[in-house]
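Numbering (this note's numbering), first residue to last: 3 to 128.
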Amino acid sequence: MALTFLQSVPWAFTKLLADIKSRYQNPDVYIFETGIPDEGGTLDDQHRIKYIKENLAAVVSAVHEEGVKVRAFTLWSLMDSFEWRGGYTYRFGLYSVNFTTPKRTRIPKASALYLRSIMKNREFLL
Numbered sequence: 003m004a005l006t007f008l009q010s011v012p013w014a015f016t017k018l019l020a021d022i023k024s025r026y027q028n029p030d031v032y033i034f035e036t037g038i039p040d041e042g043g044t045l046d047d048q049h050r051i052k053y054i055k056e057n058l059a060a061v062v063s064a065v066h067e068e069g070v071k072v073r074a075f076t077l078w079s080l081m082d083s084f085e086w087r088g089g090y091t092y093r094f095g096l097y098s099v100n101f102t103t104p105k106r107t108r109i110p111k112a113s114a115l116y117l118r119s120i121m122k123n124r125e126f127l128l
């Protein structure tokens, strides 16, 4: 069962943010729980890194080119968890969780390391 309703459309993100600015007198905008799943628990989640790059670039574009006041951009989620639609099948986390062990071991995925680099250096490259 794929989550076909989740699609990445970065250009629409910029357009939506500009529309919010125009319609609502440029309010502070907080973007929460944006993300994309993987199936199978891969640690090398390059598709998520691509998602982060493209969507973060769209938000930065809205901020710098449109003057939108984005105050926060957070991802869903920090760790793999139970999802209502697919149980433990879809993994949105930046950290992989081993659900078969009592300690629920957590390992950072490539996307966690990428995001850490962005935050540490306060910059990202496309």
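Even glycine gets a Cβ: it sits at the ideal position worked out from N, Cα and C.
In whole angstroms, give me the CA-to-CA distance for residue i and residue j.
i      : j      : result
Met3   : Ser63  : Below a pLDDT of 50, predicted positions are generally treated as unreliable, and Met3, at 44, falls in that range; the measurement from the model is reported next regardless. So the two alpha carbons sit approximately 34 Å from each other.
Ile22  : Leu77  : 20 Å
Tyr59  : Ile109 : Per the sequence presented here, residue 59 reads as Ala, with Tyr not at that position. Roughly 27 Å separates the two Cα atoms.
Gln27  : Val65  : 15 Å
Lys105 : Val70  : 43 Å
Trp13  : Leu19  : 10 Å
If you count every other CB in all the chains shown that lies within 10 Å of the CB of residue i, and 16 or more means buried, which is it?
i      : result
Thr16  : buried
Pro39  : buried
Leu96  : buried
Asp30  : exposed
Tyr53  : buried
Lys111 : buried
Asn57  : buried
Val11  : exposed
On the DSSP bridge assignment, give the partners of residue i in chain order.
i      : result
Ile109 : Ser98
Glu41  : Tyr92
Specify, as a first and last residue, the run of the alpha helix (DSSP H) that residue i falls within.
i     : result
Val65 : 48 to 68
Thr91 : Taken as a continuous stretch (DSSP letters only), Thr91 belongs to no alpha helix (DSSP H), as it is neither H nor E.
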